[in-house]
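Asker: The structure is given below, and queries will be raised subsequently.
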Amino acid sequence: MTAALLNSTLTSLPLIARGKVRENYAVGEDRILMIASDRISAYDVIMGEPIPGKGELLTQMALFWFEKLDGIVPNHLTGDDPLSVVTAEEQAQVRGRSMLVKRLKPLPVEAVVRGYLAGSGWAEYKTNGQVCGVQLPAGLKNASKLPAPIFTPATKAEMGDHDENISFDKMVDIIGLDLATRVRDISIQLYQRAADYALTKGIIIADTKFEFGLDADGTLTLMDEVLTPDSSRYWPVESYAEGINPPSYDKQFLRDWLEAAEVDGKPWGKTAPAPSLPAAVIEHTTAKYREALQRLTQS
Numbered sequence: 106m107t108a109a110l111l112n113s114t115l116t117s118l119p120l121i122a123r124g125k126v127r128e129n130y131a132v133g134e135d136r137i138l139m140i141a142s143d144r145i146s147a148y149d150v151i152m153g154e155p156i157p158g159k160g161e162l163l164t165q166m167a168l169f170w171f172e173k174l175d176g177i178v179p180n181h182l183t184g185d186d187p188l189s190v191v192t193a194e195e196q197a198q199v200r201g202r203s204m205l206v207k208r209l210k211p212l213p214v215e216a217v218v219r220g221y222l223a224g225s226g227w228a229e230y231k232t233n234g235q236v237c238g239v240q241l242p243a244g245l246k247n248a249s250k251l252p253a254p255i256f257t258p259a260t261k262a263e264m265g266d267h268d269e270n271i272s273f274d275k276m277v278d279i280i281g282l283d284l285a286t287r288v289r290d291i292s293i294q295l296y297q298r299a300a301d302y303a304l305t306k307g308i309i310i311a312d313t314k315f316e317f318g319l320d321a322d323g324t325l326t327l328m329d330e331v332l333t334p335d336s337s338r339y340w341p342v343e344s345y346a347e348g349i350n351p352p353s354y355d356k357q358f359l360r361d362w363l364e365a366a367e368v369d370g371k372p373w374g375k376t377a378p379a380p381s382l383p384a385a386v387i388e389h390t391t392a393k394y395r396e397a398l399q400r401l402t403q404s
C-alpha cells in the first residue's frame with residue numbers, strides 16, 4: 106500500500122474540482138483524471154486524518170463494478186492509463202487510485218435505488234408510509250426488504266450540504282420525462298444485477314446511488330464512482346436482521362465513534378473541525394473497506 110494521500114498536488118494538469126473524496130483534473134478538453142484521495146467524511150464534514158489505502162480500495166471496487174455492469178449502459182471509462190497524463194514525479198499520487206474518464210455533462214440529480222428500508226428512507230416511511238412519493242406496504246420495519254427495488258432520486262447538494270430527496274415527478278420537471286424514465290429504469294437494472302451478485306458473496310446491498318452524465322452526442326453514461334461503500338449501504342448477510350440498523354461495510358463504525366466523541370468536553374456538534382481520529386478508529390475503518398472488497402472479489 107502506498108503512502109496515504111490527504112490532498113493531491115498535481116501541477117501538470119489544471120484542477121477542476123476538489124470534492125469530499127475525489128479530485129478532478131482536466132486532461133485536454135474531453136477527459137478528466139479522477140483521483141480518489143484517502144479523505145473520509147461523515148455528517149458532511151471531512152475528517153482531518155486520512156484513511157490509508159481507502160482511495161485505492163474505492164477505485165478497485167468501482168472498476169470491479171463497472172466491469173460487472175457492462176452491457177446495461179455505457180460508462181465513463183476511457184481505458185487509458187492514468188499514469189500516462191502526469192509527470193514521473195506525480196505518478197505516486199495517481200497510481201492505483203485514479204481513473205481517466207470521459208468529460209461529460211452531469212445530470213443535476215442523483216439516481217438512488219433502495220432494495221431495503223434504511224436511513225432517510227426509514228425515517229420518511231415512519232411519518233407517511235412513503236419514500237420519495239413511493240407508497241410502500243404497511244407494517245415494514247427498519248431494514249425490511251422491500252417487495253421490489255424502488256427508485257428514489259435526490260438533488261445534488263453543494264459540498265457541506267445534504268442531498269435532498271425528491272419525487273420522480275420533481276425529477277421529470279428537472280430533466281424531462283424521457284431522460285428521467287431512462288435513468289430510473291437503468292438504475293434499477295444496475296442495482297438488481299449488483300445486488301444479486303453481491304448476495305452470492307454474502308453481502309446485502311441495501312441501497313446505492315448512481316450518477317449519470319451526457320456525452321457530446323447526448324448518450325446517457327454512467328459516471329463517477331459506482332457501488333462503493335461510500336455510495337452504498339453494504340450489510341453482511343450473517344448479521345442482518347429486521348428492526349435494527351445492521352452492521353455495515355461503510356462509514357458506520359466511524360459515525361458511531363463520532364456520536365460519542367467530545368470536543369472541549371462537549372459532544373461534537375457535527376460541524377467542522379472534526380475531532381481527531383484515534384489510530385484504532387482509522388485502522389478499523391480501513392479494515393472494513395478492505396474486507397468488503399475482498400468478499401466481493403473472492404473466487
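The numbering of the sequence shown is this note's numbering, which starts it at 106 and goes up by one.
Note that CB positions come from ideal geometry on N, CA and C, so glycine has one too.
Around the Cβ of I310, are there at least 16 other Cβ atoms within 10 angstroms (buried) or fewer (exposed)?
Answerer: buried
Asker: Between the C-alpha atoms of M276 and L212, what's the straight-line distance to the nearest angstrom?
Answerer: 10 Å
Asker: The alpha helix (DSSP H) spanning I293 covers which residue range?
Answerer: 282-305
Asker: Pick from L282, T402, T391: whose alpha carbon is nearest that of A299?
Answerer: T402
Asker: Take the Cβ of N112 as the centre, count every other Cβ of all protein chains shown within 10 Å, and call the residue buried at 16 or more, exposed below.
Answerer: exposed
Asker: Cα separation between E161 and G238?
Answerer: 37 Å
Asker: Between the segment 205-224 and the segment 251-263, do at least 3 Cβ pairs fall closer than 8 Å?
Answerer: Under the 8 Å Cβ criterion, the segment 205-224 counts as touching the segment 251-263, having at least three qualifying pairs.
Asker: Can you look up T130 in the DSSP assignment and give me helix, strand or coil?
Answerer: Looking at the sequence itself, residue 130 is Tyr, so the reference to Thr does not match. Three-state DSSP puts Y130 in a strand.
Asker: Could you work out which residue in A392, S381, Y302 is closest to M152 when comparing CA atoms only?
Answerer: S381
Asker: Going by beta carbon distance, what residues of the same chain come within less than 8 Å of L398, once the five residues before and after it are set aside?
Answerer: L162, Q165, M166, F169
Asker: Taking Cβ to Cβ, would you say V178 is nearer than 8 Å to I291?
Answerer: yes
Asker: Using 10 angstroms around the beta-carbon of D322, count the other beta-carbons present and answer buried if the total reaches 16, otherwise exposed.
Answerer: Looking at its Cβ environment, which holds fewer than 16 other Cβ atoms inside 10 Å, D322 is exposed.
Asker: With the cut-off set at 8 Å, would you say A197 and P157 are in Cβ contact?
Answerer: no
Asker: Can you give the beta carbon distance from I302 to K173, rounded, assuming they're within the 8 Å contact cut?
Answerer: In the sequence as displayed, the identity of residue 302 is Tyr instead of Ile. Going by Cβ atoms, the distance from Y302 to K173 rounds to 6 Å, so yes, they are a contact pair.
Asker: Under 8 Å, do V190 and L209 count as touching if we go by C-beta distance?
Answerer: no
Asker: Which residue's Cα is closest to the Cα of E269: P155, A141, P258?
Answerer: P258
Asker: Tell me which residue opens and which closes the beta strand (DSSP E) that K250 is part of.
Answerer: K250 -> beta strand (DSSP E) spans 250-256.
Asker: Given a cut-off of 8 Å on the beta-carbon distance, is the pair A248 and P341 in contact?
Answerer: no
Asker: With DSSP as the reference, identify every bridge partner of A385, one or two as the case may be.
Answerer: Partner(s): none; A385 has no beta bridge.
Asker: Taking 8 Å as the cut-off, does the segment 364-378 touch the segment 128-143 (at least 3 CB pairs, one atom from each stretch)?
Answerer: no
Asker: Look at the Cβ atom of I279, then the Cβ atom of V214, and state whether they are nearer than 8 Å.
Answerer: yes
Asker: Comparing C-alpha positions only, which one of L363, F315, L282, S146 sits nearest to Q297?
Answerer: F315
Asker: For the alpha helix (DSSP H) that contains D361, what are its first and last residues?
Answerer: 357-365
Asker: Checking 8 Å against the spacing of the C-beta atoms, do I145 and L359 come in under that value?
Answerer: Going by C-beta atoms, I145 is nearer than 8 Å to L359.
Asker: Work out the CA separation of V126 and T326 for me, nearest whole Å.
Answerer: 21 Å
Asker: With 16 as the cutoff for other CB atoms within 10 Å, does I387 come out buried or exposed?
Answerer: buried
Asker: What are the residues that DSSP puts in a beta bridge with Y354?
Answerer: None, per the DSSP bridge assignment.
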